[in-house]
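Below is one structure, written out as structure tokens, with a few remarks after it.
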Amino acid sequence: MTASLLRLSEETLLKSIWNIANHTFPGCQIRLTGGWVRDRLRGVPSNDIDLILWQANPQQFASSILQHFPGSMHPMEPAPDKSRKVEAVKLYLYTPGEERFELDLMQITHGSNFHEALQGDALRRDFTINALFYDYQYQCIDDPTRGLDDLNQQQLRLTGNNPLRLQEDPLRLLRLARFHAQLGFNIEKQTRTAMECPTTISLLRQVSTERIGQELWQISSQDGTSAALELLFECGALDTLLTMALGEVNLAPWDIDQMTPHHHLSLWQHSLMALKCMEKKVSNSSDLQKRSALLLAALLHDIGKRCPWLWQNNERGHRTYYGHEHASATMTETFLRHYHFPQSFCARVKALVKSHMLPASLAQAKDKTLRNFLRKAVQEELDWHDTFALCYCDIVSKGKSPEETSMILTQLTKLEQRVSIVERHCHEIGRPPQQPLFNGHAIMKIFSNHTPGPWIGEVQQALLEIQDEQPAIETSHAAALLRESFPAYVAP
């Protein structure tokens with residue numbers, strides 16, 4: 008990688024770092040490694056840089072860097088891989104052009120010389136494409152594990168072809184699936200076999216739930232979500248993650264035959280197809296929270312069907328899953344909370360899953376019911392269009408022919424148009440469905456009752472239902488209806 012391939016901000020930063028090493032830390036050796044080297048060789052810009060140091064303390068070296076660039080330094084937690092005990096710090100800094108960089112500085116100490124230490128560090132890394140080392144001073148790549156060959160062949164291989172790399176830190180299973188999906192790289196045969204090792208899968212239970220959650224977020228918020236999750240399902244890791252979150256409950260396998268004429272696919276095939284459908288819908292979205300929420304909702308929307316206690320057979324011998332949407336919503340929330348997704352995010356995905364069948368049930372609904380639907384969507388902080396998107400993906404992912412689903416999709420489109428018209432009308436008359444005509448103070452005045460309490464919320468709920476029925480109701484008429492409905496709250 009020549010200097011001509013570096014951006015000006017990278018050139019400025021690296022030149023300064025090497026000057027610090029040469030003039031302030033005699034005997035120090037530095038290499039850039041990890042994702043920055045991998046991505047820059049692929050022509051992909053990155054501002055996340057890993058630096059390894061030989062014969063230099065990371066904290067002291069970072070302090071020297073901060074004398075040249077504004078930023079801040081933070082200690083890093085020890086690496087979970089016990090074979091790589093290194094001292095490390097993280098830097099956030101800005102180059103003169105106000106470009107932000109994140110630097111991880113780590114010291115390598117194992118080995119009688121730098122070459123030996125570098126070789127040892129490379130063999131303890133996860134994949135060969137992440138074990139490349141860039142020497143800025145001589146503009147060359149050190150490649151102890153033949154990572155350049157794998158990078159050129161677009162292949163993921165464990166360093167040393169050693170399955171222990173996964174057992175040292177089982178989170179690498181998830182990273183491997185993510186790199187496979189997001190980079191579009193194949194997985195080398197022995198590495199793929201190592202992913203299915205029962206010992207490695209079981210060791211996922213020893214990984215902190217916070218780290219797993221961070222990896223699930225990266226998988227669900229970036230490109231390639233379905234490919235990554237499909238790989239995790241195939242190797243058994245996805246079910247292990249579910250069991251870790253939900254407990255040892257007696258769930259049926261994800262790939263069960265649904266035994267219903269409404270579905271021609273197994274439960275897993277249906278869930279995966281719905282996920283792929285949603286991927287297309289969110290492909291242009293820059294809202295990562297929304298993207299992740301919709302994709303996880305698509306994956307988990309029918310997870311409740313794995314609960315045998317919900318199964319019933321009708322007179323034709325077909326299986327039914329009454330109430331599965333509520334079970335799916337609860338299980339989804341439990342799963343996401345276990346892996347430390349934000350509370351508001353968990354509530355959003357839960358609400359999506361719970362309502363994924365609702366649009367299909369509103370085909371013949373009156374405007375009152377549609378206003379009620381809009382109001383509840385706002386109360387649950389949902390974009391109602393997202394509910395329709397999930398319903399659409401559910402419908403088209405049952406393995407049926409386009410002719411079989413065309414009528415249902417036509418009804419769904421017409422319903423979506425009706426909801427848009429109802430919503431637009433509410434805003435045109437200045438009465439958004441979720442906004443009560445009267446606030447708490449006005450309600451106390453209507454009832455001549457200035458005693459605060461839960462009765463006010465009860466009255467407001469009734470008021471919203473009145474507005475569902477009569478969106479343009481006069482305020483005086485609404486007040487009279489409330490007094491008539493709740494005479495006990497009128498002050499004597």
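Its first residue numbered 8, the sequence shown is counted upward by one per residue in this note's numbering.
We treat Cβ as the ideally placed atom computed from N, Cα and C, and that holds for glycine.
Bear in mind the structure is a predicted one, so any value in this text is a computation, not a measurement.
Task: Rounded C-alpha distance that separates Lys361 from Ala304 - done: 9 Å
- [ ] For Gln319, name the three-state secondary structure that DSSP assigns.
- [x] strand
- [ ] Over the uninterrupted alpha helix (DSSP H) stretch that includes Val403, give me the two end residues.
- [x] Trp391 to Val403
- [ ] Go ahead and label Thr102 buried or exposed: buried means 16 or more other beta carbons lie within 10 angstroms of its beta carbon, across all protein chains shown.
- [x] buried
Open item on the list: Do Ile310 and Ser273 have their beta-carbon atoms positioned less than 8 Å apart in this structure?
Closed with: no
Open item on the list: Spatial neighbours of Arg415 within its chain, please: C-beta separation below 6 Å, excluding the five flanking residues on both sides.
Closed with: The amino acid at residue 415 is misidentified as Arg; the sequence shows Ile. Once the five neighbours on either side are set aside, the close Cβ partners of Ile415 are Ile402.
- [ ] Check each candidate in Ile148, Gln62, Val51 and Thr247 and name the one with the smallest Cα separation from Gln189.
- [x] Val51
Open item on the list: Measuring CB atoms only, is the segment 138-156 touching the segment 32-39, in the sense that at least three cross pairs come out at less than 8 Å?
Closed with: yes
Task: Beta-carbon proximity list for Tyr328, same chain, < 6 Å, skipping 5 on both sides - done: Lys312 and Leu317
TODO: For Asn137, count neighbouring C-beta atoms within 10 Å of its own C-beta (all shown protein chains included) and say buried if the count is 16 or more, exposed if not.
DONE: buried
Task: Euclidean distance between Cα positions of Leu389 and Trp25 - done: 51 Å
TODO: Tell me the start and end of each unbroken beta strand (DSSP E) in the segment 62-150 that is at least 3 residues and wholly inside, in chain order.
DONE: 78-82, 95-101, 107-114, 140-142 and 147-149
Open item on the list: Starting from Gln189, trace the alpha helix (DSSP H) in both directions and tell me its first and last residue.
Closed with: Arg179 to Leu190
Task: Same chain only: Cβ atoms within 7 Å of Ser90, ignoring 5 sequence neighbours per side - done: With a pLDDT of 48 at Ser90, under the threshold of 50, the predicted position of this residue should be treated as unreliable, though the coordinate-derived value follows. Here the set comprises Arg131 and Glu175.
Open item on the list: Please classify Asp55 as buried or exposed, where buried requires at least 16 neighbouring CB atoms within 10 angstroms.
Closed with: exposed
Task: Nearest-angstrom Cβ-Cβ length linking Arg218 and Leu180, presumed shorter than 8 Å - done: Not really, about 12 Å apart at Cβ, beyond 8 Å.
- [ ] Sort Lys452, Gly220, Pro439 and Ile450 by Cα distance to Gln477 and report the nearest one.
- [x] Pro439
TODO: Find out if the Cβ-Cβ distance for the pair Val426, Trp391 is shorter than 8 Å.
DONE: yes
Task: Where Ile415 falls: helix, strand or coil (DSSP) - done: helix
- [ ] Would you mind sorting Arg355 into buried or exposed? The rule is 16 or more other CB atoms within 10 Å of its CB.
- [x] buried
TODO: Go ahead and label Cys242 buried or exposed: buried means 16 or more other beta carbons lie within 10 angstroms of its beta carbon, across all protein chains shown.
DONE: buried
- [ ] Drop a sphere of 10 angstroms on the beta-carbon of His270, count the other beta-carbons inside from all chains shown, and report buried for 16 or more, exposed for fewer.
- [x] buried
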